[in-house]
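Colleague: Here it is: the structure, laid out below.
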Amino acid sequence: MTKIEFNAAFRTDKAGRSANQDNGFILLDIKGGDTGSQTLNTDRTAAMGDYGTLMLVADGMGGMNAGEKASELIKETMLREFGKVTAKVPGNAKSMCDFLGKAIQEADLTVKDYARTHASAKGMGSTIVALWIYGDMAVAAWVGDSRIYRYNPAFGLARLSHDHSYVQSLVDTGRLPEHLAFDHPDSNIITRSLGDNGTPANPEMRVYKVYDDDEFLLCSDGLCGLLTDKEIQTIMSEHIGSSKATLEALWAEGEAKGWSDNATIEVLCVSGDLPAAPVGHPDGYPAVNANTEASAPTLRRAPETANNMQPQAVMPQPGALAMMPQPEVPASRKSLPVWTWILICFVIAAGAVWIGFKMFEKKDAKEEAKMERLEEDQDLKDEEFSDPEYERRMDELNEEYDPEMQDAFEDVMNDEHFNRYQKEWESKRHQSAQPTTQPSTRPATSHPTHHSTQPSSQKETPTTGKNNKRPKPAAQPNKKTQPNQSDPKKEDPNNKPGGGIAGPPAPGQTNKAI
11 MTKIEFNAAF
21 RTDKAGRSAN
31 QDNGFILLDI
41 KGGDTGSQTL
51 NTDRTAAMGD
61 YGTLMLVADG
71 MGGMNAGEKA
81 SELIKETMLR
91 EFGKVTAKVP
101 GNAKSMCDFL
111 GKAIQEADLT
121 VKDYARTHAS
131 AKGMGSTIVA
141 LWIYGDMAVA
151 AWVGDSRIYR
161 YNPAFGLARL
171 SHDHSYVQSL
181 VDTGRLPEHL
191 AFDHPDSNII
201 TRSLGDNGTP
211 ANPEMRVYKV
221 YDDDEFLLCS
231 DGLCGLLTDK
241 EIQTIMSEHI
251 GSSKATLEAL
261 WAEGEAKGWS
271 DNATIEVLCV
281 SGDLPAAPVG
291 HPDGYPAVNA
301 NTEASAPTLR
311 RAPETANNMQ
321 PQAVMPQPGA
331 LAMMPQPEVP
341 ASRKSLPVWT
351 WILICFVIAA
361 GAVWIGFKMF
371 EKKDAKEEAK
381 MERLEEDQDL
391 KDEEFSDPEY
401 ERRMDELNEE
411 YDPEMQDAFE
421 DVMNDEHFNR
431 YQKEWESKRH
441 QSAQPTTQPS
451 TRPATSHPTH
461 HSTQPSSQKE
471 TPTTGKNNKR
481 PKPAAQPNKK
491 TQPNQSDPKK
501 EDPNNKPGGG
511 IAGPPAPGQT
521 NKAI
């Protein structure tokens, strides 16, 4: 095996979030199971192990700490599976791709099994990027949008992975320019991940040649979603050969810009008996294509770039672009499980019912208040039109009422002689050219105002009847107008000879008592 040395650095942190859902490791010696705890982040050079070196980053997703658990399960499963590597696997592209693909599929099943048996873990998932370096061969595998970069002074920075994301699909089909993909609002939507219900893991894999002075960078989208490829290349070009210095510089730049997500960075600097990297444009950059050898999973050659900052996507023919099916918008990377959406819909519906109930309750309260105000207004009107003095006077009059005097007054008013004489008097008053007094407009009483008019000597037979009744006067009759009648009930003036009520006196005469 080719003699290769390297130094490595690794760091993961919650950075811009309250909890860290990222995970990863650098397995310096796969055969010995050494994770390099003594040599990581020290720039200390170590020799590659018999079975090579494995780098891995997993970015978990899901609420209720499900993302943390998903990335942890992937890490544990990959370490366990690579503990089963035998001497027959390394050195053969087909064997290495087959082993790495099956290990990732096993990690996918582990996450799904855990989600099925734990209600709080529904919807959990994770991305994964893995790089297995053995001699002058590097096998890259990934699911999701975590990335693998390689920097070499001969050609600059190149991506070795291709995002499984909605935005990348827009770029690949020519519907979105490459320079607009970085700040696209849907950049967090991925099209593939480990733990997808009903969807088996389908990692994409590529095999590359390893060159002297290669620097490999594996990271979660907490870094590559914050720094552009150009910024990453600038930092790596300033710290060639030092994984520790490169990691620290990348981390400092992330902090300066302000972390918005978890961040995981792994850097591996390679040197040794390796061929020099070709200078210039990466077209024709050698890559071992194991697609014809490996039965599973599918392998695809990586189009790489040298001087430019982005990989060149393989574009379809212009006539075929319109015939291609448009990519569907997948679920968000941070999508919630189905039961969470059901709960949210239930809460919204309950809130709508409660708001409607409160609105009707408020309307009823307004109607009740309106009726109370109307009742209060009516009470005020009743108090306004009441006259306590009038009621008091009416009570006094009722107490002074004399039934006997009222009966006598009714008898006088019903007397035929009085009525006839009264009519004659009123007729003469109207005929008089110069009346001595103005006629009274008050209703006739038992004491009419007498004028100088000669009363008629003709006696009329008194008649009574219902039609001759007059309304009751407001005042009581005067007893002085009826001499010798101490008791009206005992002596009826209509039964005495010459009795009756005197009419108005004739001109030149004075009023006399009858």
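Numbering-wise, the sequence shown is residues 11 to 524 according to the numbering used here.
Glycine residues also receive a C-beta, built at the ideal position from the N, C-alpha and C atoms.
Quick caveat: nothing in here was measured; it's all calculated off a predicted structure.
Inspect the beta-carbon positions of I36 and A25 and report whether they are closer than 9 Å.
Modeller: Locating residue 36 in the sequence shown gives position 26, counting from the first residue. Locating residue 25 in the sequence shown gives position 15, counting from the first residue. No, they are not a contact pair.
Colleague: Could you have a look at E15 and say whether DSSP puts it in helix, strand or coil?
Modeller: As a working mapping, residue 15 is identified with position 5 in the sequence shown. Reduced to three states, the DSSP call for E15 is strand.
Colleague: Going by C-alpha distance, which of L190, C229, S179 and H174 is nearest L204?
Modeller: For the purposes of this step, residue 204 is taken as the residue at position 194 of the sequence shown. Selected option, being the one with the closest Cα: H174.
Colleague: Is it right to say E15 is buried, meaning 16 or more other beta carbons lie within 10 angstroms of its own, or is it exposed?
Modeller: Reading the sequence shown from its first residue, position 5 is the one you call residue 15. Flag for E15 reads exposed.
Colleague: Would S156 and I138 be called neighbours here (beta carbons separated by less than 9 Å)?
Modeller: Counting from 1 along the sequence shown, the entry for residue 156 is found at position 146. Counting from 1 along the sequence shown, the entry for residue 138 is found at position 128. Yes; because the gap between Cβ atoms is below 9 Å, this pair is in contact.
Colleague: Please classify M369 as buried or exposed, where buried requires at least 16 other C-beta atoms within 10 Å of its C-beta.
Modeller: Along the sequence shown, read from residue 1 onward, the residue named residue 369 stands at position 359. The residue is exposed, with fewer than 16 neighbouring Cβ atoms inside 10 Å.
Colleague: Could you give the distance in angstroms between the alpha-carbon of R383 and the alpha-carbon of E371?
Modeller: Along the sequence shown, read from residue 1 onward, the residue named residue 383 stands at position 373. Along the sequence shown, read from residue 1 onward, the residue named residue 371 stands at position 361. If you take the alpha carbons of R383 and E371, they lie about 19 Å apart.
Colleague: Please state the DSSP three-state secondary structure of T63.
Modeller: One-based indexing of the sequence shown puts residue 63 at position 53. Strand.
Colleague: Would you report the Cα separation of L83 and A140, rounded to the nearest angstrom?
Modeller: On the sequence shown, position 73 is the one that residue 83 refers to. On the sequence shown, position 130 is the one that residue 140 refers to. C-alpha separation (whole angstroms): 15 Å.
Colleague: Thinking just about the alpha-carbon of each residue, which of R54, K13, Q31 and S28 is nearest to the one in S252?
Modeller: Sequence index remark: in the sequence shown, residue 252 carries index 242 (1-based). Measuring from the Cα of S252, the nearest candidate turns out to be R54.
Colleague: Going by beta-carbon coordinates alone, are F109 and V121 separated by less than 9 Å?
Modeller: Within the sequence shown, the letter at position 99 stands for residue 109. Within the sequence shown, the letter at position 111 stands for residue 121. It is not a contact, given that the beta carbons lie outside the stated cut-off.
Colleague: Give every residue of the same chain whose Cβ lies closer than 7 Å to the Cβ of A125, excluding the five residues on either side of it in the sequence, and list them in chain order.
Modeller: Here residue 125 refers to the residue found at position 115 of the sequence shown. Cβ within range, chain order: A131, K132, M134 and G205.
Colleague: Are the Cβ atoms of A150 and S171 separated by less than 9 Å?
Modeller: Sequence index remark: in the sequence shown, residue 150 carries index 140 (1-based). Sequence index remark: in the sequence shown, residue 171 carries index 161 (1-based). Contact: yes.
Colleague: Using a Cβ-Cβ cutoff of less than 8 Å, which residues in the same chain neighbour N30 once the five nearest sequence positions on both sides are dropped?
Modeller: Mapped onto the sequence shown, residue 30 falls at position 20. If we look at N30 and ignore the five residues flanking it on each side, its Cβ neighbours are T22, D23, K24, E78 and N272.
Colleague: Tell me the residue span of the alpha helix (DSSP H) that contains E434.
Modeller: For this step, residue 434 is matched to residue 424 along the sequence shown. Looking at the DSSP string, the run of the alpha helix (DSSP H) that includes E434 is E426 to Q441.
Colleague: In whole angstroms, what separates the C-alpha of F356 from that of V363?
Modeller: On the sequence shown, position 346 is the one that residue 356 refers to. On the sequence shown, position 353 is the one that residue 363 refers to. For F356 and V363, the distance between alpha carbons rounds to 11 Å.
Colleague: Following the continuous alpha helix (DSSP H) through V121, name the residue where it begins and the one where it ends.
Modeller: By 1-based counting over the sequence shown, the position of residue 121 is 111. Unbroken alpha helix (DSSP H) run through V121: A103 to T127.
Colleague: Compute the Euclidean distance between the alpha carbons of A375 and M381, then round it to the nearest angstrom.
Modeller: Position 365 of the sequence shown holds residue 375. Position 371 of the sequence shown holds residue 381. So the alpha carbons of these two residues sit roughly 10 Å apart.
Colleague: In whole angstroms, what separates the C-alpha of H427 from that of D389?
Modeller: Position 417 of the sequence shown holds residue 427. Position 379 of the sequence shown holds residue 389. In a straight line, the C-alpha of H427 is about 53 Å away from that of D389.
Colleague: Less than 9 Å between the beta carbons of Y176 and L227, yes or no?
Modeller: For the purposes of this step, residue 176 is taken as residue 166 along the sequence shown, with counting starting at 1. For the purposes of this step, residue 227 is taken as residue 217 along the sequence shown, with counting starting at 1. Taking 9 Å as the Cβ cut-off, Y176 and L227 do not qualify as a contacting pair.
Colleague: Quick one: residues in its chain with C-beta nearer than 7 Å to the C-beta of E470, no 5 flanking neighbours on either side, listed in chain order?
Modeller: Looking up residue 470 in the sequence shown gives position 460. Note that E470 scores a pLDDT of 45, beneath 50, so its modelled location is shaky and nothing firm can be said.
Colleague: Looking at the structure shown, is K24 part of a helix, part of a strand, or coil, going by DSSP?
Modeller: In the sequence shown, counting from the first residue as 1, residue 24 sits at position 14. Correct three-state label for K24: coil.
Colleague: When the Cα of M58 is compared with those of D123, D39 and M71, which residue comes out closest?
Modeller: Against the sequence shown, residue 58 aligns to sequence position 48. Measuring from the Cα of M58, the nearest candidate turns out to be D39.
Colleague: Tell me which residues share the same chain as L186 and place their Cβ nearer than 6 Å to its Cβ, disregarding the 5 neighbours each side in the sequence.
Modeller: Residue mapping note: residue 186 aligns to position 176 of the sequence shown, counting from 1. Cβ neighbours of L186 beyond the five flanking positions: L180.
Colleague: On a Cα-Cα basis, can you pick out the residue from T49, T63 and G34 that is closest to G42?
Modeller: As a working mapping, residue 42 is identified with position 32 in the sequence shown. When each option's Cα is compared against that of G42, the closest is T63.
Colleague: Quick check on the DSSP output: what are the complete beta strand (DSSP E) runs of length 3 or more inside the region 243-290, in order along the chain?
Modeller: The qualifying runs are 273-282.
Colleague: Go through its chain and collect everything with a Cβ distance to L119's Cβ below 6 Å, but skip five positions before and after it.
Modeller: If you number the sequence shown from 1, residue 119 lands on position 109. Closer than 6 Å at Cβ, skipping near neighbours: no residue.
Colleague: Here's a check: name, in chain order, each residue in its chain whose Cβ is nearer than 7 Å to the Cβ of V99, leaving out the five neighbours to either side.
Modeller: As a working note, residue 99 is residue 89 in the sequence shown. The residues are S105, M106 and F109.
Colleague: Counting pairs of Cβ atoms below 8 Å between the region 274-282 and the region 222-240, do you hit three or more?
Modeller: Result yes; three or more Cβ-Cβ pairs closer than 8 Å.
Colleague: Between which two residues does the beta strand (DSSP E) holding G166 run?
Modeller: Locating residue 166 in the sequence shown gives position 156, counting from the first residue. Note, G166: beta strand (DSSP E), G166 to R169.
Colleague: Enumerate in chain order the residues of its own chain whose CB-to-CB distance from I511 is below 6 Å, with the five nearest sequence positions on each side excluded.
Modeller: For this step, residue 511 is matched to residue 501 along the sequence shown. Its pLDDT being 46, under 50, I511 is placed unreliably in this model, and the value from its coordinates should be taken loosely. Once the five neighbours on either side are set aside, the close Cβ partners of I511 are F428.
Colleague: Less than 9 Å separating the beta-carbons of I242 and L257?
Modeller: Residue 242 sits at position 232 when you count from the first residue of the sequence shown. Residue 257 sits at position 247 when you count from the first residue of the sequence shown. The answer is no: Cβ separation not under 9 Å.
Colleague: Kindly list the residues whose CB is nearer than 8 Å to the CB of A9, restricted to its own chain and excluding five residues on each side of it in sequence; keep chain order.
Modeller: As shown, the chain starts at 11 and ends at 524. That puts residue 9 outside it, with no answer to give.
Colleague: By the DSSP assignment, the beta strand (DSSP E) with I143 in it spans what residues?
Modeller: Within the sequence shown, numbered from 1, the residue matching residue 143 stands at position 133. Taken as a continuous stretch (DSSP letters only), the beta strand (DSSP E) holding I143 covers I138 to Y144.
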